Each structure stands twice: as structure tokens, then as C-alpha cells.
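First residue of the sequence shown: 78, per this note's numbering; consecutive thereafter.
Here the structure is laid out as C-alpha cells; the discussion comes afterwards.
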Amino acid sequence: MNIDFTKDSIDDNQYERPVKKRKWDRWIYLGILLIILFSLLKWMVSSWIFNYADGFLMQQQFDVKFTNDIRILTYYQKEGNTVKKGDTLFSYEFFSDLAMFKNLKQDSVKNLVSDVAFQNEITSFEADIAKKSTMLKDIEGRIVYWRSERKRKESLVYLDQITPIELSTTDRQIDDLQYQYESINAEISALRYQRSALLAHNLKKNALVHDQNKSSNFQNFYISPTAGDLDRFRIGAGQAAYKSDIITSITHKGQFVRAYINVEDLDDFREGDLVSIKLPYGFNSTLTGKIKKMYSISEIRDTSTINNTIKDDKYGVVMDIVPTDGKTWENVKISNIPVKVRKLKFS
78 MNIDFTKDSI
88 DDNQYERPVK
98 KRKWDRWIYL
108 GILLIILFSL
118 LKWMVSSWIF
128 NYADGFLMQQ
138 QFDVKFTNDI
148 RILTYYQKEG
158 NTVKKGDTLF
168 SYEFFSDLAM
178 FKNLKQDSVK
188 NLVSDVAFQN
198 EITSFEADIA
208 KKSTMLKDIE
218 GRIVYWRSER
228 KRKESLVYLD
238 QITPIELSTT
248 DRQIDDLQYQ
258 YESINAEISA
268 LRYQRSALLA
278 HNLKKNALVH
288 DQNKSSNFQN
298 FYISPTAGDL
308 DRFRIGAGQA
318 AYKSDIITSI
328 THKGQFVRAY
338 INVEDLDDFR
348 EGDLVSIKLP
358 YGFNSTLTGK
368 IKKMYSISEI
378 RDTSTINNTI
388 KDDKYGVVMD
398 IVPTDGKTWE
408 NVKISNIPVK
418 VRKLKFS
């Protein structure tokens, strides 16, 4: 074995110690475990310390709806307008009214067809009158010509240049043209009379149809029963609103929460108690309120407040929660949203 003792350089890389890797996955697993433990602990402790109820944050509002099917005709207000009691909101008609006057609409179609036939008949009368008037002018011109011709021939008869027979022939020609003129003139007068009679009859018929349509125009108007701000129009103009459809809402200032208490938790809630209200949006967004009213009759809970994943009671006692200052929650801009009500058990 040959060893090279002349090489005096040493490579430091051959003696470098490997760096230990930090095991980040252990910290991640530890963080997840802590989160799970904290959530479990919070759930266990909160059920011992707090009482909960499900509810809705609502606003004072009046929903506009009908018990019959209607069709919206015209809106006289805009969305967001502030209206007073007695203001006209929109016009509408019942579907029963539409069915009642279905025959009248069919008659209107017949009247339209009849009007087309009437116009065609009037046009025919006008064409005949124009044609016969042209013929009348032609005959009138020929009569003028033959009368001047008769004067000329009459002079020639006095001079014995032509016989009286030729003069009598001219007279017969003038008489024939005069008869044609009077006949055509009488026909024109008869056509004009028929046209005038037809126009008068059609005018009278249109007046009757107008009066009938005017009497059949059942247009109803919805008058606002209260003052407030108009919400959006859920049914557009010209569209149908069926039974119990909300057309629009009239909102007032003033918010409250309507919550349902489980019957077994009834003793833990009392009128005047302070509660916290958890909003479904924002990080830790809560409101403070107090129980204003608790109703004495158990009611079937709103289906959206029932938890179907567990055996949840369908009945609950209703309570109304209002702001502690009795005014409104300024930071809440919407209504009809689900909320969670929380109250300390030992308060």
C-alpha cells in the first residue's frame, strides 16, 4: 500500500457535521391537539356556565301580501322611499276579474277583425266614388263639346249647308250624355250616403265598445296601512303574485330578537335578564340586550332553529329581546338573520 505523505491540504468538507433537522410536523400536530382540547374544554365549560337559545334578529315590519292571486299593474313608489299612512303604493287586478271579462277580451278581438273589414269596405266605397267622379268629368267635358258643336251646326242649317236631321242627331247625342251624367251623379250621391251611414254606424259601435271597456277596467289600488321605508319589490310590475306571496315590506326603526327557549330551560330565563346575542357574521360579533317579554304559551319552533342532527324539541317558549337602551343596535344593518342567545346561569 503506497501512502502519499506530501499532500498537506485537508478538505474541511470531509469533517463537517450534519445539521439536525427541526421537526416542524411535531409542532403542527401539537397545535392541532391544543386547538381540539381548547374547543372541547370550551364546549364543556360553556354548557355549565351559560344557557343558550336560538332565535332571529328581526325588524319592525309590515309584509304586503294578499289572500288571492293578483297581478301587479303599476308601482307608484320606488324601493327605499319613505311612505306615509294613506300613500298609494301600487295598482293591481285580481285574477277573478280577468276571468270575469275573458269574453270581453274575445269581443275585443272580434271588434278588431270587424274594424279591418270596415276599413276595407270604406276603401272600396272611396275607390268607386273616385272612379265614377272621373267618368263624370269626362262626360261633362263631352257635353260641353257637343253643345258647342250643336251651335256650329245650327248656324250651318240656317245657311242650308247641312240638313236639320244632322242637328237632331247632335241633340240626341247631348241628351244621351246628359242622361249618363245624371245617372252617374246619382250613383255617386248614393255611394256617399252609404259611406256616411257606415261611418256613423261604426262611430256609434266604437263608442259602445269604449264604454264597455271602460266599465270593465277593474283597477284596484293598494293604500299603505302604515308609515315606514319600502323594502325591495319582490314581484315586478306586470307579474303575478300568488296567495301569501310577499310583494314588499314596510320597515320601521326598531330591532328585536325573537328567540325560542327549550321548555326544560324555562326557569333559567326571566323578564329583564341581560343576554348576549351572537351574530352569524364577523369575528366575535355580539350584541347586548335584555328580555322584554316572555310569552305564556308554548309554540312550534321555526324549522330553521331546529337542529336536525340531534334530538331537538320542536316546541319552545317565545321571548322578545330588545336593546338595553330601548332604541336600536346601530351596528346591525340587516334583519331576519338567525342568531344565538346566551345568558349566564348564575346571573
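C-beta: ideal position from N, C-alpha, C; glycine also.
Because the structure is a prediction, the values reported are computed rather than measured.
Could you tell me the distance, in whole angstroms, from the CA atom of residue i to the CA atom of residue j?
i    : j    : result
Y319 : G359 : 37 Å
R419 : D397 : 14 Å
Y258 : S245 : 20 Å
Y92  : R103 : Annotation note: pLDDT 49 at Y92 (below 50); position unreliable, coordinate value reported separately. So the alpha carbons of these two residues sit roughly 30 Å apart.
R229 : N283 : 59 Å
L307 : W406 : 20 Å
V186 : V193 : The predicted position of V186 is uncertain, since its pLDDT is 49 and thus under 50; no value can be drawn from it.
E217 : L233 : 25 Å
G315 : K367 : 45 Å
G167 : I300 : A small fix is needed here, since residue 167 is Phe in this sequence, not Gly. One C-alpha to the other measures close to 8 Å.
E376 : L110 : 42 Å
T328 : G157 : 10 Å
M371 : P302 : 28 Å
T386 : R378 : Interpretation of T386 is limited by its pLDDT of 46, a score under 50 that renders its predicted location unreliable; the figure taken from the coordinates is listed afterwards. When rounded, the distance between both Cα atoms is 16 Å.
K391 : K355 : 22 Å
N413 : G403 : 19 Å
R335 : F139 : 16 Å
S116 : F310 : 44 Å
L224 : D253 : The sequence as given places Arg at residue 224; Leu does not occur at that position. Whole-angstrom Cα-Cα distance: 12 Å.
L421 : I126 : 6 Å
Q154 : F143 : 19 Å
Y256 : L285 : 44 Å
N197 : I312 : 44 Å
I239 : I206 : 41 Å
K417 : G132 : 6 Å
K208 : D248 : 27 Å
I231 : A204 : Contrary to the premise, residue 231 reads as Glu rather than Ile in this sequence. Cα to Cα, the separation comes out at about 41 Å.
Y235 : T211 : 37 Å
K281 : S266 : 23 Å
Y222 : I242 : 19 Å
Q271 : F171 : 44 Å
V409 : F423 : 29 Å
Q137 : L107 : 49 Å
S326 : Y152 : 14 Å
S321 : T401 : 35 Å
D427 : E264 : Past the boundaries of the shown model lies residue 427; the chain is included only from 78 to 424, so the question cannot be answered.
K369 : V395 : 11 Å
I338 : W101 : 47 Å
F202 : Q250 : 30 Å
A130 : R148 : 41 Å
S273 : Y169 : 42 Å
R227 : A277 : 46 Å
Assuming the contact rule is C-beta atoms closer than 8 Å, residue i and residue j should be a hit. Round their C-beta distance to whole Å, please.
i    : j    : result
T159 : F298 : That pair is no contact at about 19 Å.
D342 : N145 : 42 Å between Cβ atoms; not a contact.
T365 : L351 : 7 Å
I411 : V141 : Actually they are not in contact, since the Cβ atoms of I411 and V141 sit about 20 Å apart, beyond 8 Å.
L134 : Q296 : That pair is no contact at about 39 Å.
F195 : N279 : 5 Å
F333 : V399 : 5 Å
K162 : A317 : Not really, about 27 Å apart at Cβ, beyond 8 Å.
I199 : L275 : 7 Å
What are the partner residues of residue i, as DSSP defines its beta bridges?
i    : result
T159 : D306
Y152 : F167
I300 : T165
R419 : Y129 and S353
A277 : Paired residues: none, contrary to the question.
Q138 : T328
A318 : I147
S375 : V394
K410 : None, per the DSSP bridge assignment.
D366 : The sequence shown places Gly at residue 366, not Asp. In DSSP, G366 forms a bridge with V352 and P400.
Please list the terminal residues of the continuous beta strand (DSSP E) segment that includes residue i.
i    : result
I354 : L351 to K355
A314 : That residue, A314, is in no beta strand (DSSP E); it is neither H nor E in DSSP.
Y358 : That residue, Y358, is in no beta strand (DSSP E); it is neither H nor E in DSSP.
V399 : Y392 to P400
G403 : Per DSSP, G403 belongs to no beta strand (DSSP E) and is neither H nor E.
When the cut-off is 8 Å and only beta carbons count, does residue i lie next to chain D?
i    : result
S260 : Given the protein chain composition of this structure (a single chain), no chain D is represented.
For the ligand COA, any of its heavy atoms closer than 7 Å to the Cβ of residue i?
i    : result
K417 : Although the ligand COA was asked about, the structure shown includes no ligands whatsoever.
Q: List in chain order: all unbroken alpha helix (DSSP H) runs of 4+ residues lying wholly within the region 196–254.
A: none
**Q.** Inside the region 325–349 only - beta strand (DSSP E) runs reaching at least 3 residues
**A.** 325–338
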